[in-house]
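Before any comments, here is the structure.
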Amino acid sequence: MSKAIARRLWAFSPLKAPSESIQILQQQPQCLRRFSNTSHRRVVDSTLAALDSLAPKPNNATVVKSRAGGGMGSLSRMLGNNQRDRQQNSRRPTAYSPLVSSDGESLFESQEQRDADPFQLSVYATKHNTHITIMGPDDRKDKDGRRKIDESTGKPPLMVYISMSAGNLGFKHSQRKHYDSAFQLASYVFARMQERGINEKIRKMEVQLRGFGAGREAVTKALLGSEGRFIRGKVIKVSDATRLKFGGTRSNKPRRLG
Numbered sequence: 007m008s009k010a011i012a013r014r015l016w017a018f019s020p021l022k023a024p025s026e027s028i029q030i031l032q033q034q035p036q037c038l039r040r041f042s043n044t045s046h047r048r049v050v051d052s053t054l055a056a057l058d059s060l061a062p063k064p065n066n067a068t069v070v071k072s073r074a075g076g077g078m079g080s081l082s083r084m085l086g087n088n089q090r091d092r093q094q095n096s097r098r099p100t101a102y103s104p105l106v107s108s109d110g111e112s113l114f115e116s117q118e119q120r121d122a123d124p125f126q127l128s129v130y131a132t133k134h135n136t137h138i139t140i141m142g143p144d145d146r147k148d149k150d151g152r153r154k155i156d157e158s159t160g161k162p163p164l165m166v167y168i169s170m171s172a173g174n175l176g177f178k179h180s181q182r183k184h185y186d187s188a189f190q191l192a193s194y195v196f197a198r199m200q201e202r203g204i205n206e207k208i209r210k211m212e213v214q215l216r217g218f219g220a221g222r223e224a225v226t227k228a229l230l231g232s233e234g235r236f237i238r239g240k241v242i243k244v245s246d247a248t249r250l251k252f253g254g255t256r257s258n259k260p261r262r263l264g
């Protein structure tokens, strides 16, 4: 028999002195270290979760993620936030009401500026290239100081401010069809708009998407990201102008490799 077991038996033995046995039995058991931290972690996690639920959450109408998902769904949510902000600010009877965009940018516009013709951001994304065109009302005046008016529509004619493609940035041949080239093109166009002061003229913006190339999602990501923060809050309409053929003429012979 080992010495440790013999010592334990002797401690509880009736042959031992009664005072020593009572003193040993009256001692409180002590645990020098915790056997497991699982229950303690669960309590801490539940407490943090309860505190997070009580914390105030940001308003979704004034916060837009910089890297939201591309596509019509993200543009639709951005358009809905802009319309909701305009409806809330249009209820104010003041002559100059602040217009707060979805990215937190505050704009001040009058009734004349509200009735201004919108600009157009046209994106033509093919499987080989991406084209971006910025059009808006012609603000130039003739010799008499009058603005040009189109007789058929009664509005100023549209003027092309910027029209560029991926090839204008130095991408050649098959490099023009990739996602990265289209994203750099959108970033460059938005930067040129800010440098030339075109964003100051824009009060409303209409986005028109055409084609299903890689540049479609790239331009959408750039518009929803930090690159398009100056015009994102001014978008009032998003449309898809992709041409679909119902019947029509015979298609080209499909390409077969191998």
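Residue numbering for the sequence shown follows this note's numbering, beginning at 7 and increasing consecutively. In this text, a Cβ means the ideal position worked out from N, Cα and C, and glycines have one as well. Since this is a predicted model, take the numbers as computed values, not measurements.
So what's residue i in DSSP terms, helix, strand or just coil?
i    : result
I204 : helix
R256 : coil
P247 : A quick correction: the sequence has Ala, not Pro, at residue 247. In the structure shown, A247 sits in coil (DSSP, three-state: anything other than H, G, I, E or B).
L164 : strand
S268 : Past the edges of the chain, shown from 7 to 264, lies residue 268, and the structure says nothing about it.
K147 : strand
R261 : coil
R216 : strand
R235 : coil
R153 : strand
Determine the extent of the alpha helix (DSSP H) in which residue i is found, giving its start and end residues.
i    : result
A228 : A220 to L230
What first and last residue would you give for the beta strand (DSSP E) that runs through residue i?
i    : result
H137 : T136 to P143
F125 : F125 to A131
Q181 : No beta strand (DSSP E) holds Q181; DSSP gives it neither H nor E.
L175 : That residue, L175, is in no beta strand (DSSP E); it is neither H nor E in DSSP.
Considering only the alpha carbon of each residue, which of the options lies closest to residue i?
i    : options                   : result
R222 : Q94, R92 and H134         : H134
F189 : L164, V129 and P260       : V129
D123 : V241, G253, N258 and T255 : V241
L127 : V225, P260 and G253       : V225
For chain C, find out if any of its Cβ atoms is closer than 7 Å to the Cβ of residue i; answer yes or no.
i    : result
R262 : The chain inventory of the structure shown lacks chain C, comprising one protein chain alone.
- prompt: Looking at C-beta atoms only, is the number of pairs between the segment 233 to 249 and the segment 199 to 218 that lie closer than 8 Å three or more?
  reply: yes
Any 3 or more C-beta pairs closer than 8 Å across the segment 177 to 194 and the segment 150 to 167: no
query: Between the segment 136 to 147 and the segment 167 to 175, do three or more beta carbon pairs fall short of 8 Å?
result: yes
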